[in-house]
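Number of protein chains: 2
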Amino acid sequence: MKLITRNTDYAVRALCCIAEQKQEVISADRLVKSLDMPRPFLRKILQTLTKAGLLNSSKGKDGGFSLTVSPEEITLTDVMEIFQAPIRLNECKFKKNDCPYISDCLLKGKIDEIEKEVIAKLKAITIASIIKKEVNVDD
Amino acid sequence: MKLITRNTDYAVRALCCIAEQKQEVISADRLVKSLDMPRPFLRKILQTLTKAGLLNSSKGKDGGFSLTVSPEEITLTDVMEIFQAPIRLNECKFKKNDCPYISDCLLKGKIDEIEKEVIAKLKAITIASIIKKEVNVDD
DNA sequence: ACAAAAAGATACAAAAATAGTATCATAATA
DNA sequence: TATTATGATACTATTTTTGTATCTTTTTGT
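So the sequence lines, in the order shown, correspond to chains A and B. Mapping of the first sequence onto the working numbering: position 14 corresponds to residue 14, and the numbering continues sequentially without gaps. Mapping of the second sequence onto the working numbering: position 134 corresponds to residue 1134, and the numbering continues sequentially without gaps.
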């Protein structure tokens, strides 16, 4: 049972890295070096994030990726939905079809409740909150 | 992302069925009929539950299965641990080895917190609580 | 003793999800 | 127009989940 797949994990780490660095854009190659993950896999993930609208990309020399919105605005659920969508703890599927017991399933209601809370908590985690290492005492 | 696999789902339904019926024991064949699931798969699940200590079994004519403890004492986590163990939202594994970032992973702490709460909630769900259809007003 | 009815053990197989590779096309820019 | 970057897409490998198949053992009634 994994809440977070490697796709999502890599994506989050890449987003953090992109958010943290000073240059305008950062290339896939440079990300591979700092993140130590398979280049083709990361490239695919970056492409997916771009298509999903979380990243800008520019081609050619000095091209690369940058965030489209601030790190505060990117939640963990945003990323999870891209790679693992939809977020359901409860699938209630039976060979592509709805489970025949879905209407009177006694487990479903209980799991649904837990699911709501999990999603709320995941939504509270943003790229910004992941990056922030310590609470700033001056704030 | 599934919190509960079919193994666990079938097992829970079987346990409910065993808990609810009046006879001392119930055979795999009778369970198959009332639960409508593949016989060999259910048999394997029943065997696993027996090995795990949740069921008693008796062979031969009029043999079958019964609970070893009361439905109140069987939690959802008990069953999940048998079929999906261990319950972790966060695996932090990288090709069988610990993820190299495990010590300073900023996501881990946050997910671990969520995990604790999820597990606590799953622990509160028992076979008895699943069976109980309505709150008894006389209580 | 022995046949029938049950569970036990175990090995195998199919399907789905996850993880990753490889290759060629396209665009920007010096 | 060569180089350096991403875009698109098809393919492959691995792991997990979901089953199936087959044979053995035990119990019980006759």
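Ideal placement from N, C-alpha and C gives every residue a C-beta, glycine not left out.
request  = Could you tell me how far apart the beta carbons of aspartate 1063 of chain B and serine 1027 of chain B are, in whole angstroms, since I believe they sit closer than 8 Å?
outcome  = Strictly speaking, residue 1063 of chain B in this sequence is glycine, with aspartate absent from that position. Their Cβ separation, rounded to whole angstroms, is 7 Å, which keeps glycine 1063 of chain B and serine 1027 of chain B in contact under 8 Å.
task = Please list the partners that lysine 121 of chain A has in chain B, where partner means a Cβ-to-Cβ separation under 7 Å.
result = Correct list: Ile1114.
ask   = Near leucine 31 of chain A, what residues of its chain come up, given a Cβ to Cβ distance below 7 Å and the 5 sequence neighbours on each side ignored?
value = Taken in chain order, the residues that qualify are Ala14, Cys17 and Leu42.
Spatial neighbours of threonine 50 of chain A in its chain, beta-carbon cut-off 6 Å, leaving aside the 5 residues before and after = Answer for threonine 50 of chain A: Ser57, listed in chain order.
key: Buried or exposed (CB count within 10 angstroms, at least 16 for buried), asparagine 1097 of chain B   = It is exposed - the Cβ of asparagine 1097 of chain B has fewer than 16 other Cβ atoms within 10 Å.
inquiry  = If you reduce the DSSP assignment to three classes, tell me which class asparagine 1090 of chain B lands in.
reply    = Shown here, asparagine 1090 of chain B sits in coil according to DSSP, grouped into three states, outside any helix or strand.
inquiry  = Applying the 10 Å Cβ sphere with the 16-neighbour rule, what's the burial state of aspartate 1104 of chain B?
reply    = Exposed, because fewer than 16 other Cβ atoms sit within 10 Å of the Cβ of aspartate 1104 of chain B.
ask   = Which runs of the beta strand (DSSP E), 3 residues or longer, sit entirely within the region 1063–1120 of chain B?
value = Within the region 1063–1120 of chain B, the complete beta strand (DSSP E) runs of at least 3 residues are 1064–1067.
ask   = Hey, how far is the Cα of aspartate 1009 of chain B from the Cα of methionine 1 of chain A?
value = Rounded to the nearest angstrom, the two C-alpha atoms are 14 Å apart.
request  = Measuring only between beta-carbons, confirm whether alanine 1014 of chain B sits less than 8 Å from chain A.
outcome  = At a cut-off of 8 Å between beta-carbon atoms, alanine 1014 of chain B makes no contact with chain A.
ask   = By Cβ distance below 6 Å, which residues in the same chain neighbour asparagine 1007 of chain B in space, the five residues on each side in sequence not counted?
value = Excluding the 5 residues flanking it on each side, asparagine 1007 of chain B has same chain C-beta neighbours closer than 6 Å at Phe1083, in chain order.
ask   = In terms of alpha-carbon separation, which member of B:Phe1065, B:Lys1044 and B:Lys1116 lies closest to lysine 1022 of chain B?
value = The residue with the shortest Cα to Cα distance from lysine 1022 of chain B is B:Phe1065.
key: Near-chain B residues of the region 82–113 of chain A (beta-carbon distance less than 7 Å), N- to C-terminal order   = Within the region 82–113 of chain A, the qualifying residues are Gln84, Ile87, Arg88, Leu89, Asn90, Glu91, Leu106, Leu107, Lys110 and Ile111.
request  = Tell me whether aspartate 1078 of chain B is buried or exposed, calling it buried when 16 or more other Cβ atoms sit within 10 Å of its Cβ.
outcome  = Result: buried.
ask   = If you run the structure through DSSP and keep just helix, strand and coil, what is leucine 1054 of chain B?
value = Correct three-state label for leucine 1054 of chain B: coil.
Coil, strand or helix - threonine 1005 of chain B by DSSP = It is coil, neither helix nor strand.
inquiry  = With a threshold of 8 Å between beta carbons, is lysine 33 of chain A in contact with chain B?
reply    = False, the Cβ-Cβ gap to chain B never drops below 8 Å.
key: N- and C-terminal bounds of the alpha helix (DSSP H) containing valine 32 of chain A   = DSSP places valine 32 of chain A in the uninterrupted alpha helix (DSSP H) bounded by 28–35.
ask   = If you measure from the beta carbon of isoleucine 1130 of chain B to each beta carbon in chain A, is any gap under 8 Å?
value = Yes, isoleucine 1130 of chain B lies at the interface with chain A (some Cβ there is under 8 Å from its Cβ).
inquiry  = Going by DSSP in three states, leucine 1042 of chain B sits in which element: helix, strand or coil?
reply    = If DSSP states are grouped into helix, strand and coil, leucine 1042 of chain B belongs with the helices.
request  = Would you decide whether valine 1069 of chain B is buried or exposed? Buried here means 16 or more other CB atoms lie within 10 Å of its CB.
outcome  = Under a 10 Å Cβ-count criterion, valine 1069 of chain B is classified as exposed, with fewer than 16 other Cβ atoms of the shown protein chains found around its own Cβ.
key: Selected residue, minimal CA-CA separation from threonine 1142 of chain B, among A:Lys123, A:Lys121, A:Leu107 and A:Lys116   = Nothing about residue 1142 of chain B can be reported from this structure: the residues present for chain B run from 1001 to 1139 only.
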